Each structure stands twice: as C-alpha cells, then as structure tokens.
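Engineer:
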Amino acid sequence: MVYSSEEMKGETETDRFFMKRAILLASRARGKTSPNPMVGAVLVKKNKVIAEDYHRMAGTPHAEALVIRKAGRNARSSTLYVSLEPCCHTDKRTPPCARAIIESGIKTVVIAMHDPNPKVSGKGIRELEQAGVAVKSGILEEKAQRLNESYVKFVTTKRPFVTLKVAMTLDGKIATPEGQSKWITGEKARAMVHRLRSSVDAILTAIGTVRSDDPLLTARIKGAGSPHRIIIDPDLEIPAGAKILTPPPETTIVMRSPTDYHRHSDLEKKKMALAKKGITFIEYEGEMLDLAWLMDRLGEMGISSLIVEGGSSLNARALQDGIVDKVLFFIAPKIIGGKESFPAVGGRTFRRLEDAISLRDVRVKKLGADILVEGYL
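Quick look at the structure:
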C-alpha cells in the first residue's frame, strides 16, 4: 500500500501521520504478544511507504526486522516509524533490532515511546545515535503508551495490569436480591467484553460468582484465544460440575492452605481429583487473602494483564487492596431498586465524599442502549 503526504504541512504533521499508521498496525496483535509489547513499524522513503508490518507474537520476528526484510536494499536512506524504542539486548529469542536498523542503512528513526524495560530503556536510542542514525522520539507517545499499558505495568513492577469490569443498572445494581444478573447489558456491551477477554492473559473471579452464574468466562470470538481463569475459593467449595472447570483454557483455584491435611482428607481428595482434570492451585496462609500478594504470584506466572469479573465483594476488595489500574463500568438504562439488590461495589463505605475513589482520563462511550464509562485510578 502507498501513502502520499503531499497535502501535509511540515515535518511534525508527517510524523504524526505515519506514526498513527504504525500504532494502528501494532494494535492488530492485541492479546497475542504477551508478555511482549505490541509494536508496529512503517518504513518511508520520499513520503511513500515502502514496507509496513507488526510484531505478531512472542518469539517471532519484531516489527522492525520484518519491514527491513521486506524493503531489502531499498531500506537504505529511508525513515523508520516505530511505535516503541527498538530493542538492543540479546537476552531474548530474536536478534536486537537496533543493530539490524544500523546495518540496513536506515537514515532516520522516529519513535513513539521509550521502552520501559530496563534492558532497553534509552539504550536502543543511544546505540542508534552513536552509529549516526538520526532519532526523534515522543511522537503520539500517549497513544502508544495506552496501547501497551499492560506491558508498561508488567515490565516495571512484575505485576499484571488490572482492569475492573462491572455491568450494572442506572441505580448501581449488578443483580436482583435472588442473584439474577443475566443480562443487565445488551449485545454490543457483551460483545465488547468478549473482545476484552481475548486481549488479556487472565480473568479473576470468586466462588460466589461461580455458584450464582456458573460462567465459562471465555472469549467467544472466532479465532481468538481465551484467558487463564483464576478463581478465589478459600475452602474449595466449587461444584465438581462447574463449567469453569472444563479446559481449555487453563483454570487455577486460589485456596486457603489447610493447617493439617490429615484432618481435611475430603478436601485433599477433591483437590487431587481436580488436579487430574488439569486444574492448578495457589495456596495462601491465614484467614484473609491479600490480593496484592496474589498479583505478585500471578506476575511470577507470567500473567501481565488481568480482568476482575466478580460480584460486590470481590469488586470492593480489589479496590480496597489497591490492585486496580483501570475500570470499565457498563451501565444499562434499567432500574432494579431495593436495598436487597446487590450493589456494584460492596465493602466499607467512605464517610466523606473527599475520601471517595476518583478516576482520571475518563472516557464515555455509547454501546447500543448502554453506556461505557472508562477511567484510570
């Protein structure tokens, strides 16, 4: 495909035009590159695209290497637009991109954002500049960072980026007093939730949701993978026939560690039976699970992004334990009413408005008859 920038005025506008294309290409790999970032690259010569591509999955060639290979000798004296700083280290399965860029003869590299990975951060740019390659960075930086927000969190903290997803009525209810919650939102909102599931590594829920809804918690999108399912079930009360226990995808149960297995023979038998079905376990000590501790364990498992899909109690605990980075509230134009109906967030009440949790960078979107409110903590 050939793009012309004849109507553009000035270098900055040209940079933004081609960087927007690089970021769009990167987004095609959403949910497929973890724990790697999504990266797109566009190679331009005389204001025309000579090659473009994106990183498809971990272990496969990076976007920069792909466009250099496509362009061949024509890469010499061109400008490379790339959504993330080119890598420069060898502690991975693919060769360093900075060296490939230098050897190809590319004249200028325009970068959206620095790579927060300590093995790369600033070093890739420095290597290019020392080899005489002109480098410009920070073009559409915010857009690039939002695309790779999970990668940024994971590579700097070793914890997953956590999104709290809630579907509720106008009056803030997620279920009737009898526990009925299907379906509060409409088809467009539910379709977006399935796309969201396909883009993350894991879903976190609790035994209460499993009991009341018996969910699969999969991404029902053709050709898309489903996330690892994490169930908080302290006393291993999950019914043997629960849908969530059917692989694939993988399922992990987070349970309280019994102090004496000899006194809990039935529990141990149930655990062994589930293990034979492929279920894995994370055990914790003490009466109450610390969700921050759990995020460390999930990070050690390589889970870089996670959605919380639970009930009032889990939503409250996730906010209380400070693990939530982003919220997605799907609001249906319905009113349930009643003190016994389940609120979106349970737990303790803030006595003063100034103590309430506030969001930043709030966005509002209409999805059919429903409204999506998205924001960061």
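Numbering-wise, the working numbering comes out as the position in the sequence shown, counting from 1, plus 779.
Built from N, CA and C at the ideal position, the CB exists for glycine as well.
Predicted model only: the values in this text are computed from it and were never measured.
Identify every residue that forms a DSSP beta bridge with leucine 1151.
Structural biologist: For this step, residue 1151 is matched to residue 372 along the sequence shown. Answer is Phe1109 and Lys1144, bridged to leucine 1151.
Engineer: Beta-carbon separation of lysine 967 and leucine 1146 under 7 Å?
Structural biologist: To locate residue 967, count along the sequence shown from 1; it is residue 188. To locate residue 1146, count along the sequence shown from 1; it is residue 367. Yes.
Engineer: Since glutamate 928 and methionine 892 are thought to touch, with beta carbons under 8 Å apart, how far apart are those beta carbons, to the nearest angstrom?
Structural biologist: Translated into the one-based positions of the sequence shown, residue 928 becomes position 149. Translated into the one-based positions of the sequence shown, residue 892 becomes position 113. Not a contact, Cβ separation roughly 11 Å.
Engineer: Taking isoleucine 986 and isoleucine 1010 to be in contact with their CB atoms under 8 Å, please state how far apart those CB atoms are, rounded to whole angstroms.
Structural biologist: Indexing the sequence shown from 1 puts residue 986 at position 207. Indexing the sequence shown from 1 puts residue 1010 at position 231. Indeed they touch by this definition, with Cβ atoms about 7 Å apart.
Engineer: Going by C-alpha to C-alpha distance, which of Gly1057, Leu943, Gly1020 and Arg855 sits closest to lysine 825?
Structural biologist: Your numbering for residue 825 matches position 46 in the sequence shown. Selected option, being the one with the closest Cα: Arg855.
Engineer: Would you tell me roughly how many angstroms separate the C-alpha atoms of threonine 1031 and alanine 808, rounded to the nearest one?
Structural biologist: Stepping through the sequence shown from its first residue, residue 1031 is reached at position 252. Stepping through the sequence shown from its first residue, residue 808 is reached at position 29. Taking the Cα positions, threonine 1031 is about 26 Å away from alanine 808.
Engineer: Would you call the segment 918-936 in contact with the segment 1108-1117, where contact means no fewer than 3 C-beta pairs closer than 8 Å?
Structural biologist: With the cut-off at 8 Å, the segment 918-936 and the segment 1108-1117 do not touch.
Engineer: Tell me whether the beta-carbon of valine 899 lies closer than 7 Å to the beta-carbon of cysteine 876.
Structural biologist: As a first step, residue 899 must be located in the sequence shown, where it is residue number 120. As a first step, residue 876 must be located in the sequence shown, where it is residue number 97. The answer is no: Cβ separation not under 7 Å.
Engineer: For aspartate 832, does the three-state DSSP call read helix, strand or coil?
Structural biologist: For the purposes of this step, residue 832 is taken as residue 53 along the sequence shown, with counting starting at 1. Correct three-state label for aspartate 832: strand.
Engineer: Serine 1036 by DSSP, collapsed to three states: which one?
Structural biologist: Counting from one through the sequence shown, the residue named residue 1036 turns up at place 257. It is coil, neither helix nor strand.
Engineer: Can you check which of these residues, Ala820, Val818, Arg848 and Lys811, is closest to methionine 836 by C-alpha distance?
Structural biologist: Taking the sequence shown and counting its residues from 1, the one referred to as residue 836 is at position 57. Closest by alpha carbon: Lys811.
Engineer: What do you get for phenylalanine 1129, buried or exposed, if any count of 16 or more other CB atoms within 10 angstroms of its CB means buried?
Structural biologist: Looking up residue 1129 in the sequence shown gives position 350. Label assigned to phenylalanine 1129: exposed.
Engineer: How about aspartate 794 and isoleucine 918: do their beta carbons lie closer than 7 Å?
Structural biologist: Walking along the sequence shown from the start, residue 794 turns up at place 15. Walking along the sequence shown from the start, residue 918 turns up at place 139. It is a contact, given that the beta carbons lie within the stated cut-off.
Engineer: At the level of alpha carbons, what is the spacing between valine 1071 and glycine 1089?
Structural biologist: Taking the first residue of the sequence shown as 1, we reach residue 1071 at position 292. Taking the first residue of the sequence shown as 1, we reach residue 1089 at position 310. Per the sequence shown, residue 1071 should be read as alanine rather than valine. Distance between the alpha carbons of alanine 1071 and glycine 1089 is about 17 Å.
Engineer: Closer than 6 Å by C-beta to serine 883: which residues in its own chain qualify, once you throw out the five before and the five after it? Chain order, please.
Structural biologist: Here residue 883 refers to the residue found at position 104 of the sequence shown. Same-chain partners within the cutoff: Ile847 and Ala854.
Engineer: Measure the C-alpha to C-alpha separation of leucine 975 and glutamate 1153 and round it to an integer number of angstroms.
Structural biologist: Numbered from its first residue, the sequence shown carries residue 975 at position 196. Numbered from its first residue, the sequence shown carries residue 1153 at position 374. Roughly 13 Å between the two C-alpha positions.
Engineer: Just to confirm my understanding: we take glycine 1117, look at its own chain, exclude 5 residues before and 5 after, and list those with CB closer than 7 Å. What are they?
Structural biologist: Position 338 of the sequence shown, counting from 1, holds the residue named residue 1117. Pro956, listed in sequence order.
Engineer: Excluding sequence positions up to five away, which residues of its chain have a Cβ less than 7 Å from the Cβ of aspartate 950?
Structural biologist: Indexing the sequence shown from 1 puts residue 950 at position 171. If we look at aspartate 950 and ignore the five residues flanking it on each side, its Cβ neighbours are Ile1114, Ile1115 and Gly1116.
Engineer: Whole angstroms is fine: what's the gap from serine 1091's alpha carbon to histidine 841's?
Structural biologist: The count along the sequence shown starts at 1 and reaches residue 1091 at position 312. The count along the sequence shown starts at 1 and reaches residue 841 at position 62. C-alpha separation (whole angstroms): 42 Å.
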